[in-house]
Structure formats: structure tokens, C-alpha cells
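Below is one structure, written out as C-alpha cells; comments come after it.
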Amino acid sequence: MIPAATPADEPRIPPIAASRAFPVVSSGRPSLGALATVLRITIARQMRGKRIWLFVLMFAAPVAIALLVRRYDQPYDPEASERALIYGLIPQAIVPLAALLFASSLVQDDVEEQTLTYFLIRPIPRWAIYLVKVLGATLVTSILAAIFTTAVTAAVRVGLPEADPSDLFRQAGVLAGLSALSLLAYIAIFGLLGLFTRRVLVIGVGYILVFEGVVSNIPFLVRYGTILFHVRVLAVRLLGLDGGAWSIDPAEAPAVATSLAVLTGAAALFTALGAWFFSSREFRVKTPEGS
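The working numbering puts the first residue of the sequence shown at 8, with every later residue one more than the last.
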């Protein structure tokens with residue numbers, strides 16, 4: 008006689024493993040309403056907490072420096088301030104650090120706050136969840152970066168006799184576009200890294216220092232693989248800057264279309280890899296019992 012099974016004999020389901028615990032049957036076509044919900048939650052999360060204040064402090068620093076230099080550095084040289092702040096500090100340090108700050112917790116925040124399971128039981132393919140989260144982080148950082156970059160441009164130039172409002176608007180627009188492109192590429196890279204390791208902040212800072220801080224300034228082919236080099240090429244081409252300080256010769260540098268293709272291609276490649284890995288990986292999240 009076979010004894011009746013008891014609850015203890017029944018197989019135990021491990022703590023929620025994200026890719027298997029809640030299978031979603033869908034046609035592969037994401038629900039627009041569900042995607043909008045993921046985007047709204049992602050943006051709301053990015054806009055609160057210490058992260059957003061660190062972002063504001065990082066971008067407010069160049070504004071404050073520009074105003075102080077303009078007030079106390081006499082005779083005032085606006086070109087020097089632009090080179091140091093708008094074309095130096097912001098694209099080389101602040102933009103990649105801001106992207107790292109937001110991308111490092113792209114998925115981990117949902118694991119910690121137990122909202123990942125909510126996303127996974129929605130009628131949305133997992134790759135679409137990841138794409139929307141990358142989009143949300145890029146939207147938040149790009150809009151804020153555009154505001155602060157415009158503020159720095161105004162702090163450096165507005166009120167000077169030679170300042171042409173139409174030129175300032177054009178410069179601000181180009182800088183906002185370049186910031187958005189580089190933020191998208193960096194978020195794609197750091198978002199992918201964040202799926203592999205919890206030490207993404209350390210690795211990301213190392214990447215910024217080595218590749219964007221050193222390699223991008225070395226006049227060899229290796230710098231063609233950095234984000235900052237192509238951002239600088241676009242700035243030289245679109246704003247008529249002198250690329251001598253960056254060892255960029257317009258006669259030999261890539262064309263606008265080439266640098267745009269590299270930046271968008273890198274963003275698409277790393278985002279696609281992140282979406283694929285997110286779709287295939289299991290994420291262990293906390294249960295209400297704390298397991």
C-alpha cells in the first residue's frame with residue numbers, strides 16, 4: 008500500500024526565481040498599457056531618492072564654477088570656460104558618471120523593492136521590460152542633462168557683447184543632443200554590466216577613468232572604440248570647434264554620419280545584449296517571509 012503524500016513530501020518551489028516562477032503566456036506582442044506602466048514606475052523611481060540629488064549636485068557644479076569664474080577671473084575668457092567645463096568636465100566625467108549612477112541600479116532596485124515580480128507577471132515580454140527601463144533612465148538623465156548643460160552655456164556666454172542668442176540656442180541644442188546620445192550609450196553599457204555583477208559602480212568608474220579618461224585622448228586607432236572620442240568629433244564637426252587640444256584633425260576624423268552610427272550602434276548592441284541576458288537570467292528576489 009502506497010502511503011498518502013504529506014505536505015512535507017511535496018516538492019518545494021525555491022524562492023521566486025524571476026524567469027521561471029511566473030511564466031507569462033503572451034503572443035510576443037507587448038501591451039502598450041503595461042509598457043506605459045513599466046515606464047512610469049521606472050521614471051518615478053529614478054526621480055526620487057539620493058540618486059537624483061547626486062545627479063543635480065554633479066551637474067550644478069559646472070554652473071557654479073562658470074558663475075564664479077565669470078565673476079572673479081578678470082579679464083574674463085569665455086572660450087577657456089567653455090573648453091574646461093562644457094567640452095571638458097561635463098562630457099568626460101559628469102555625463103558618464105551620471106549614466107553609471109542611474110544604470111547601475113536599473114534592475115537591482117526592482118529586485119530590492121520586490122517590484123520585479125510585478126513586472127514579470129504583466130503581459131510583457133522580458134526583453135521589452137528591459138528596453139523600457141533603459142528608455143526611462145535615458146529620458147530622465149537626458150532631460151536633466153539638457154537643462155543643466157543649457158544653464159552652463161548661459162552662465163558662460165549670456166550677457167557678453169558678442170553673444171548671439173541664435174548661436175547660443177543652436178549650441179545648447181547640439182550639446183543636449185550629444186549628451187543624450189552619450190547617455191544612451193553609457194546606460195546601455197553600464198546596464199549590461201549591472202546584470203553580471205553587483206560591483207558595477209567600481210568597474211564602471213574604472214572604465215570611465217581608463218577608456219574615457221585616458222584611451223580617448225591617445226591619438227591611435229584604439230580611441231575610435233570610445234564614446235567620448237565620437238562625441239568630440241561630432242562637437243568639432245557640428246559646432247566648428249578646434250580639435251587640436253584633443254588631437255582631432257578634421258581632415259582625418261570620421262564624418263558626422265560615421266560617429267552617429269558608432270554611437271547609436273553601440274547603444275543598440277549593448278541594449279540588445281542586456282535585453283537578451285535579462286530574458287534568459289533568473290533573478291532571486293526576496294519573498295514576504297524575507298527568504
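The beta-carbon is built from N, C-alpha and C at its ideal position, and this holds for glycine as well.
Under DSSP, the alpha helix (DSSP H) around residue i begins and ends at which residues?
i	result
D174	172-203
R133	133-164
P82	P82 -> no alpha helix (DSSP H), and no H or E assigned at all.
F277	263-287
A252	A252 -> no alpha helix (DSSP H), and no H or E assigned at all.
G213	207-214
Q53	39-53
A258	Where A258 is concerned, there is no enclosing alpha helix (DSSP H), given that its DSSP letter is neither H nor E.
P1	Residue coverage of the chain in this structure runs from 8 to 298, which leaves residue 1 outside it and unanswerable.
V238	234-246
P103	102-110
Buried or exposed: where does residue i fall if 16 or more other Cβ atoms within 10 Å of its Cβ makes it buried?
i	result
I255	buried
S173	exposed
E89	buried
F227	exposed
R55	exposed
L39	exposed
I101	buried
R177	exposed
A275	exposed
E289	exposed
L200	buried
A264	exposed
R205	exposed
F203	exposed
R77	buried
A179	buried
Rounded C-beta distance between residue i and residue j? I'm assuming under 8 Å.
i	j	result
I234	A192	5 Å
I194	A106	5 Å
P103	I215	5 Å
L92	V159	6 Å
F62	L96	That pair is no contact at about 15 Å.
V229	V222	6 Å
G250	A260	7 Å
L270	Y94	With a Cβ gap of about 17 Å, L270 and Y94 do not count as contacting.
So, at 8 Å on beta carbons, what are the nonlocal neighbours of residue i in its own chain, with the 5 sequence-adjacent residues on each side left out?
i	result
L42	I131, A135, V139
T145	A187, L190, L191, I194
For residue i, which residues in the same chain have their Cβ closer than 7 Å to its Cβ, ignoring the five residues on either side in sequence?
i	result
R164	P85, A170, L175
Y137	G281, A282, F285
G198	A110, L113, V141, G281
L167	P85
S266	H237, V240, L241
D116	R52
Could you name the residues of the same chain whose beta carbon sits closer than 6 Å to that of residue i, not counting the 5 residues immediately before and after it, in chain order?
i	result
A162	V70, A73, L74
F155	F66
L182	T156
G143	L46, T49, I50
F218	T233
F277	A195, I196, L199
L208	S111
A153	A183
* Per the contact definition of three or more C-beta pairs closer than 8 Å, is the region 147-160 in contact with the region 174-187? -> Under the 8 Å Cβ criterion, the region 174-187 counts as touching the region 147-160, having at least three qualifying pairs.
* **Segment contact, 8 Å Cβ cut-off, at least three pairs: the region 280-289 with the region 256-264** => no
* To do: Determine, using beta-carbon pairs with one atom in the region 77-85 and one in the region 237-244, whether at least three such pairs fall under 8 Å.
  => no
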